[in-house]
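See structure below.
In my numbering, the protein residues as written are 205 to 425.
What follows is the structure, given as structure tokens:
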């Protein structure tokens, strides 16, 4: 049970956050690359700091974001709901059994899952094995995605959270990754590492596309 002060802080933060992100979104020219809406349900794999790459996923109501039950998570959940996404509360670490059951049920119902592979607390750009196990158990494909834009704010936070502004916002989607049901722990690690490498590859591809479009020499994120 949250205190009145906690609830007030969460309400203010979520309202301010929504207005800021909605304003930023309105300023964007959204461009999905290799997005296949017919390939559904899927598990979208995204870095924690690149969650706004999901702006290029539609329809939003069919995409469920896994968000922790913390107060910070409550802020994010309220913002996400206002932006049109569905949410699942919990994490694969804390309260993981309940969250996993909800994720698997959501996928069976034909809805997508968006999973922050290095969340909820990092280390940054380090894929955790939870998403591989979800794909293994559900037999639904993982679709990695990475966004890029020439104008963006990067937060001074562990995840280097990106907020694009007044820019073409490209999201590059990778090919679906299918994880066999009968694999051992060593093979889970191989798929985890392969996904991590694919996200880095997509990051380079996204940066290359946005820089080529603007005829710029850009540094990677």
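Where a beta carbon is used, it is the ideal one built from N, C-alpha and C, also for glycine.
It should be emphasised that the depicted structure is a prediction, and the values quoted were computed from it without experimental measurement.
For residue i, count the other beta carbons within 10 Å of its own beta carbon; 16 or more makes it buried, fewer makes it exposed. Which is it?
i, result
"residue 363", "buried"
"residue 322", "buried"
"residue 207", "exposed"
"residue 358", "exposed"
"residue 332", "buried"
"residue 296", "buried"
"residue 280", "buried"
"residue 242", "exposed"
"residue 231", "exposed"
"residue 411", "buried"
"residue 320", "buried"
"residue 394", "exposed"
"residue 423", "Below a pLDDT of 50, predicted positions are generally treated as unreliable, and residue 423, at 47, falls in that range; the measurement from the model is reported next regardless. When all chains shown are included, residue 423 counts as exposed."
"residue 220", "exposed"
"residue 272", "buried"
"residue 361", "exposed"
"residue 210", "exposed"
Residue range of the beta strand (DSSP E) that residue i falls in?
i, result
"residue 237", "233-237"
"residue 306", "From DSSP, residue 306 is part of no beta strand (DSSP E) but of the alpha helix (DSSP H) over 300-312."
"residue 293", "290-293"
"residue 251", "Neither: residue 251 is in no beta strand (DSSP E) and is coded neither H nor E."
"residue 374", "372-377"
"residue 269", "267-271"
Relative to the C-alpha of residue i, which residue among the options is closest?
i, options, result
"residue 315", "321, 259, 265", "265"
"residue 379", "225, 248, 213", "248"
"residue 397", "238, 326, 293, 336", "336"
"residue 162", "272, 376, 263, 230", "Since the first residue shown for the chain is 205 and the last is 425, residue 162 is missing from the structure and cannot be characterised."
"residue 294", "327, 258, 334, 368", "334"
"residue 385", "209, 330, 345, 214", "345"
"residue 406", "354, 356, 388, 348", "348"
"residue 354", "233, 224, 303", "233"
"residue 213", "277, 229, 329, 245", "277"
"residue 365", "400, 245, 395, 329", "329"
"residue 275", "216, 227, 402, 404", "216"
"residue 389", "340, 205, 218, 272", "340"
"residue 252", "301, 327, 399, 246", "327"
"residue 244", "291, 409, 263", "263"
"residue 356", "229, 416, 210", "229"
Can you name the start and end residues of the alpha helix (DSSP H) that residue i belongs to?
i, result
"residue 208", "208-230"
"residue 366", "Segment 366-368 is the beta strand (DSSP E) holding residue 366; no alpha helix (DSSP H) there."
"residue 279", "275-286"
Quick one: measure Cβ to Cβ for residue i and residue j, integer angstroms, because I've assumed they're closer than 8 Å.
i, j, result
"residue 222", "residue 270", "In fact, because the Cβ distance is near 19 Å, the residues do not count as touching under 8 Å."
"residue 235", "residue 374", "5 Å"
"residue 258", "residue 267", "7 Å"
"residue 338", "residue 381", "Actually they do not touch by this definition, with Cβ atoms about 12 Å apart."
"residue 196", "residue 225", "The requested residue 196 is not part of the displayed model; the chain covers only 205 to 425."
"residue 372", "residue 317", "Not a contact, Cβ separation roughly 27 Å."
"residue 285", "residue 311", "That pair is no contact at about 20 Å."
"residue 254", "residue 351", "6 Å"
Sequence ranges, alpha helix (DSSP H) only - wholly within the region 317-366, length at least 4: Segments of the alpha helix (DSSP H) lying fully in the region 317-366: 334-342.
Quick one: which unbroken alpha helix (DSSP H) runs of 4-plus residues sit fully inside the region 385-422? Chain order, please. Taking 4 residues as the shortest admissible run, the region 385-422 contains the following complete alpha helix (DSSP H) segments, listed from N- to C-terminal end: 389-418.
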